[in-house]
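Here the structure is laid out as structure tokens; the discussion comes afterwards.
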Amino acid sequence: MTRDPIRSSIRSLEANGIGLVAGMALGDPDLIPLWFGESDLVTPAFIRDAAKKALDDGKTFYSGSRGIMPLRLAVKDYHKRTCGVDLDVERISLPGAATLAVVTALQILCDTGDNVVIVSPIWPSIFQAAQMVGAEVRFARLDDDWRSATPRWSLDLEKIFSQCDARTKAIFINSPGNPTGWIMQPDQQRAVLDFARKRGIAIISDEVYGTLVYDGREHAPSFLEVAEPDDNLFVINSFSKAWAMTGWRVGWLVHPKRIADQIGVMTIANNTGPTSFAQFGAIAALSPEGDAFRHEMRERCRAGREVVQKFVDGQNRIRWIRPEGAFYGFLHMDGLTDSLKFAQDLVRKARVGVAPGSAFSTDGPGAHDSFVRICFAQDAEKLSEGLSRIEKALASL
Ligand SMILES: Cc1ncc(COP(=O)(O)O)c(C=O)c1O
Numbered sequence: 006m007t008r009d010p011i012r013s014s015i016r017s018l019e020a021n022g023i024g025l026v027a028g029m030a031l032g033d034p035d036l037i038p039l040w041f042g043e044s045d046l047v048t049p050a051f052i053r054d055a056a057k058k059a060l061d062d063g064k065t066f067y068s069g070s071r072g073i074m075p076l077r078l079a080v081k082d083y084h085k086r087t088c089g090v091d092l093d094v095e096r097i098s099l100p101g102a103a104t105l106a107v108v109t110a111l112q113i114l115c116d117t118g119d120n121v122v123i124v125s126p127i128w129p130s131i132f133q134a135a136q137m138v139g140a141e142v143r144f145a146r147l148d149d150d151w152r153s154a155t156p157r158w159s160l161d162l163e164k165i166f167s168q169c170d171a172r173t174k175a176i177f178i179n180s181p182g183n184p185t186g187w188i189m190q191p192d193q194q195r196a197v198l199d200f201a202r203k204r205g206i207a208i209i210s211d212e213v214y215g216t217l218v219y220d221g222r223e224h225a226p227s228f229l230e231v232a233e234p235d236d237n238l239f240v241i242n243s244f245s246k247a248w249a250m251t252g253w254r255v256g257w258l259v260h261p262k263r264i265a266d267q268i269g270v271m272t273i274a275n276n277t278g279p280t281s282f283a284q285f286g287a288i289a290a291l292s293p294e295g296d297a298f299r300h301e302m303r304e305r306c307r308a309g310r311e312v313v314q315k316f317v318d319g320q321n322r323i324r325w326i327r328p329e330g331a332f333y334g335f336l337h338m339d340g341l342t343d344s345l346k347f348a349q350d351l352v353r354k355a356r357v358g359v360a361p362g363s364a365f366s367t368d369g370p371g372a373h374d375s376f377v378r379i380c381f382a383q384d385a386e387k388l389s390e391g392l393s394r395i396e397k398a399l400a401s402l
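The opening residue of the sequence shown carries number 6 in my numbering; numbering runs sequentially from there.
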């Protein structure tokens, strides 16, 4: 047999559970889709208008490698307003969407055979991106303690530290977390930073849900607040979530300044920079009008969280750890042992789309097979109807 040139880390990639379920009925008008990480709102008009104007003004050419300067300056300003951090604009790059920022950070850090320690459960594209660059994925699972009256997700730092070795290049943390809504606190961030600094390990901090917090703060604790500018810190951010811009594919990466030129080369090689006219929409998103929309979005999500809370309060078999941030309910269902099959049945028989818990890590068979994830950034009535369809389906399990 001739040699197969396909890399084994690519051959072993498998469609993740969210894609498998959504692929069954994407766009079906009779189905209530709660499976993806996006709200049901169309991007607001002032953002669409800014992009339309850019199109009409002929902004249809290559736009430069790391994003246009007015957008990078607007991102700088955003960080100052939301987290009080004054970033050198040379630390800000827009390679395309946040997903591409994740891939870029991993490309910067990992050779084949290196490993990345990832706090889980986590959105599957993160660990698949690590696999794609040839890295070994090691999970540090959040603990879910259900005994207290107010159960919480918590991170045992030893689970991260004990898995790091000479081939560990990065610790990947997503806070506020998808799917849990867990938020990492500054004392733990400092401890991880201290550990990583001593060992030459980078931190990739995925903060795409940074402003979707429900305790009155403008932003969840950011690694940018505890780190020094030249730390090996890569912070991922996105326009997708807080501004309802999932289809635009614009996000950003904050990185050490010393790697800026190489990131310029990488963004050209990976994507020749972000979409020209979309960047003008992104500038509008970072305006005061954009801040107002972002706050409305947060209130809408807060209302969605209450809808789910009320639902869960009335259930015997469904419970959750009330999320502190992001816009997901990670629902635990007593008696559920195959979340993918259940999610597929929900599409076929109950006409509601959820993400199966098993998609959110590969750390052990059945690690999250009693869970399904729903996105509550939705119209309250539609969300309630979706939840009652799930309830009925579970009853017949
Ligand atoms: C944790 C996390 N990081 C990154 C992304 C990707 O964001 P974008 O749509 O900007 O690529 C998502 C999207 O679901 C996410 O949940």
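Where is the CB? At the ideal position from N, CA and C, for every residue including glycine.
Remember, it's a predicted structure, so these values are computed and weren't measured experimentally.
| Item | Value |
| --- | --- |
| Three-state class that DSSP yields for Tyr333 in the structure shown | strand |
| Beta-carbon spacing of Ala364, Pro129 below 7 Å | yes |
| Closest by C-alpha distance to Leu114, when choosing among Ile264, Lys387, Ala55, Val26 | Ile264 |
| Given 8 Å, three or more beta-carbon pairs between the segment 220-236 and the segment 35-49 | no |
| Contact under 7 Å by Cβ, Val352 with Ala103 | no |
| Residue nearest to Phe381 in terms of C-alpha spacing, selected from Arg222, Leu341, Pro279, Leu217 | Leu217 |
| Beta bridge counterpart(s) of Ile123 as assigned by DSSP | Phe144, Phe177 |
| Rounded straight-line distance, which links the Cα of Arg324 to that of Ser359 | The residue you asked about is not Ser; residue 359 is Val in the sequence shown. Rounded to whole angstroms, Val359 to Arg324 spans 16 Å at the Cα level. |
| Sheet register partners of Arg96 (DSSP bridge) | Note: Arg96 sits in no beta bridge, so no partner. |
| Sufficient close CB pairs (3 or more, under 8 Å) joining the segment 322-340 to the segment 365-385 | yes |
| Local Cβ density within 10 Å of Val270, reported as buried at 16 or more and exposed below that | exposed |
| Close beta carbons around Ala372, own chain, < 6 Å, minus the five adjacent residues each side | Ser366 |
| Trp40 versus Ile23: straight-line alpha-carbon distance, rounded | 7 Å |
| Beta-bridge pairing of Asn183 - partner residues as DSSP gives them | Answer is none; Asn183 lacks a bridge partner. |
| Secondary structure of Arg322, DSSP reduced to three states | coil |
| Pocket of ligand 1 defined by Cβ to heavy atom distance under 5 Å | Gly42, Ala102, Ala103, Thr104, Trp128, Asn179, Asn183, Asp211, Val213, Ser243, Ser245, Gly256 |
| C-beta contact flag for Gly309 and Leu388 at 7 Å | yes |
| DSSP beta-bridge partners of Asn242 | Trp257 |
| For Ala135 and Leu111, the rounded distance between their alpha carbons | 6 Å |
| Collapsed DSSP secondary structure at Cys380 in the structure displayed | strand |
| Cut-off 7 Å between Cβ atoms - residues of its own chain near Glu223, not counting five sequence neighbours on either side | Thr87, Thr216 |
| Gly28 (DSSP reduced to helix, strand or coil) | coil |
| Whole-angstrom C-beta distance between Val255 and Pro293, which should lie under 8 Å | Going by Cβ atoms, the distance from Pro293 to Val255 rounds to 19 Å, so no, they are not a contact pair. |
| Collapsed DSSP secondary structure at Met338 in the structure displayed | strand |
| Selected residue, minimal CA-CA separation from Lys246, among Met74, Ala290, Val107 | Ala290 |
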